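> Per UniProt numbering, the very first residue in the sequence shown carries number 1; after that it's consecutive.
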Amino acid sequence: MDPHLLRTFLAVAETGSFSAAAEQLRYTQSAVSQQIAALEADLRTPLLTRRPVALTPAGERLRGHASILLVRLAAARADVTRAVAPPGRLIVALTPLAWHPALADALALLRTESARLTARLRLAERDQVVAAVATGEADLGLVDGFTAPSDPLRLPDTGGARAIGVAESPAVVAVAASHPLARRRRVDLSDLADAYWIDAPAVAAHTRLPVDGLRPGLRYDGQDVTVLAGLAAAGHGLAVLPEPLVTTHPSLTGVPISAPRLVHRVELVRIPAHLTGGEPAARLAALIEHR
Numbered sequence: 001m002d003p004h005l006l007r008t009f010l011a012v013a014e015t016g017s018f019s020a021a022a023e024q025l026r027y028t029q030s031a032v033s034q035q036i037a038a039l040e041a042d043l044r045t046p047l048l049t050r051r052p053v054a055l056t057p058a059g060e061r062l063r064g065h066a067s068i069l070l071v072r073l074a075a076a077r078a079d080v081t082r083a084v085a086p087p088g089r090l091i092v093a094l095t096p097l098a099w100h101p102a103l104a105d106a107l108a109l110l111r112t113e114s115a116r117l118t119a120r121l122r123l124a125e126r127d128q129v130v131a132a133v134a135t136g137e138a139d140l141g142l143v144d145g146f147t148a149p150s151d152p153l154r155l156p157d158t159g160g161a162r163a164i165g166v167a168e169s170p171a172v173v174a175v176a177a178s179h180p181l182a183r184r185r186r187v188d189l190s191d192l193a194d195a196y197w198i199d200a201p202a203v204a205a206h207t208r209l210p211v212d213g214l215r216p217g218l219r220y221d222g223q224d225v226t227v228l229a230g231l232a233a234a235g236h237g238l239a240v241l242p243e244p245l246v247t248t249h250p251s252l253t254g255v256p257i258s259a260p261r262l263v264h265r266v267e268l269v270r271i272p273a274h275l276t277g278g279e280p281a282a283r284l285a286a287l288i289e290h291r
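#1: L231: which of L62, H65, D199 sits nearest, CA to CA?
#2: For E168 and E267, I'd like the C-alpha separation in whole angstroms.
#3: In terms of DSSP beta bridges, what is I257 paired with?
#4: For G222, count neighbouring C-beta atoms within 10 Å of its own C-beta (all shown protein chains included) and say buried if the count is 16 or more, exposed if not.
#5: Cα separation between L62 and D191?
#6: Could you tell me the distance, in whole angstroms, from the CA atom of Q128 to the CA atom of A204?
#7: What residue does the beta strand (DSSP E) around P280 start on, and which one ends it?
#8: Could you tell me the distance, in whole angstroms, from the CA atom of L73 to the CA atom of T56?
#9: For the region 241-256 and the region 148-164, state whether three or more C-beta atom pairs, one from each stretch, are separated by less than 8 angstroms.
#10: If you draw a straight line from the alpha carbon of D42 to that of A286, how long is it in whole angstroms?
#11: Does G165 come out as helix, strand or coil in the three-state DSSP assignment?
#12: T276 to R89, Cα distance in whole Å?
#13: Which word fits E137, buried or exposed, when buried means at least 16 other C-beta atoms lie within 10 angstroms of its C-beta?
#14: From the DSSP output, which residues share a beta bridge with W197?
#15: For the beta strand (DSSP E) holding R270, just list the boundary residues, first then last.
#16: If you drop the 5 nearest sequence neighbours on each side, which residues of the same chain put their C-beta closer than 8 angstroms to that of R208?
#17: According to the Cβ coordinates, are V32 and A21 closer than 7 angstroms?
#18: How is the beta strand (DSSP E) around P151 delimited, first residue to last?
#19: Could you check where the beta strand (DSSP E) with T118 kicks off and where it finishes?
Encoded structure:
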């Protein structure tokens, strides 16, 4: 099966529309239709109904395989590229709130060990970080999120990447120091359903919290943690943030959360099979895990 045809098929399956898939892929709608027809001819079975657009039973089965096949193809290409990469190359993808002192300390130690180290840090959203590690675009990843104590984060299945927890810290509701909530000793998130929240999907999405009904008062589409903290400090809305971050901001107060029980968790994402003892990524992973 041609991977280009599989990508087109997934785009149609995910958008539910030939025209939307064409726009996403920057193809013409007729080109998308021709590619789907070619894939169906190759497999000798219909994969999609046309009016309305929906997956057939065969299409449902193919959808389960297609994303994994494309990830593995990208991983194979990246693995070959990695074999001829310059010595000392290290690419770490991370979510904005996943930056951790252990990473800074480990990078500093690596620099003292190798003058050839060329490190690059890349900010991305959580699913993008996992995908970058799975496909080899990044050597390691650090992701974060809010979860129950000791519970792992819910990450997308990529077929190869594995995650291990490296840090947990208390989660608090960040409010302006002048906000009435700042005087509360503890707060139940379900009691704040009528409050205004800052929706910051790339940093700390309120929609990922295990509480229904929290409504956004402002949406921030950037990845700068300082901007998010500044918006909360200026009274534009509430945000759940790691306690260590809030305590460093002079105009923010962190209110402990009584329910649900939440911690801010940071996990290291890697592909064990790709980490040999001599690679910078393997050394960095070991330093972070055994900090």
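Even for Gly, the Cβ is constructed at its ideal location relative to N, Cα and C. Because the structure is a prediction, the values reported are computed rather than measured.
Looking at the coordinates:
#1: D199
#2: 9 angstroms
#3: V187
#4: exposed
#5: 44 angstroms
#6: 15 angstroms
#7: First-last for P280: 280-289, but that is the alpha helix (DSSP H), not the beta strand (DSSP E).
#8: 25 angstroms
#9: no
#10: 46 angstroms
#11: strand
#12: Confidence in T276 is poor, its pLDDT being 49 and thus under 50, which makes the residue's placement too unreliable to answer from.
#13: buried
#14: P216, L238
#15: 263-270
#16: G145, F146
#17: yes
#18: The sequence as given places Asp at residue 151; Pro does not occur at that position. Unbroken run through D151: none, as it is neither H nor E.
#19: 118-123
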